[in-house]
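**Q**
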Amino acid sequence: MTTREDLRKEFTISTATLNNWYRTETIDAPSNGTHYTEQEYLKIKNNILNNSDKLKGRANRLHASDSYICYLGITDGNRKRLLEQAVEIGLAP
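Here is the structure:
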């Protein structure tokens, strides 16, 4: 049996995010109120990892798969391109 806390830790999400996922029916709440069966847990895990964009958004950068460059006030096009090139070759994080 797996708890809500286990699910929260597995995906590095906040309790508020988990509650929002229940409210928006992104995932089902545990059938018995406190614990998931192994089958329920695996279904949720597979759904989130394979079919959901929930962990790819701005709010959860740990699991994000797309890169995003924050220009921090750089408005000049040439400087933006230089920063993009630096990131591409690994000179900048």
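Residue numbers (our numbering): 69 to 161.
Backbone N, C-alpha and C fix where the C-beta goes; we use that ideal spot for every residue, glycine too.
(1) Short of 6 angstroms in beta carbon distance, which residues of its chain neighbour residue 95, apart from the five on each side in sequence? Order them along the chain.
(2) With DSSP run on the structure shown, which of helix, strand or coil describes residue 143?
(3) Pop quiz: residue 137 and residue 151 are said to be a contact at Cβ under 8 angstroms. What is the actual Cβ separation, rounded to whole angstroms?
(4) For the alpha helix (DSSP H) that contains residue 96, what are its first and last residues?
(5) Using a 10 Å radius around the Cβ and a threshold of 16 neighbouring Cβ atoms, would you call residue 139 buried or exposed?
(6) Can you list, in chain order, the residues of its chain with a C-beta nearer than 7 angstroms to that of residue 76? Leave out the 5 residues immediately preceding and following it.
(7) By how many angstroms is the C-alpha of residue 115 removed from the C-alpha of residue 92?
(8) So is residue 142 buried or exposed if we call it buried at 16+ other beta carbons inside 10 Å?
**A** Taking the coordinates as given:
(1) 89, 112
(2) coil
(3) 6 angstroms
(4) That residue, residue 96, is in no alpha helix (DSSP H); it is neither H nor E in DSSP.
(5) exposed
(6) 83, 86
(7) 15 angstroms
(8) exposed
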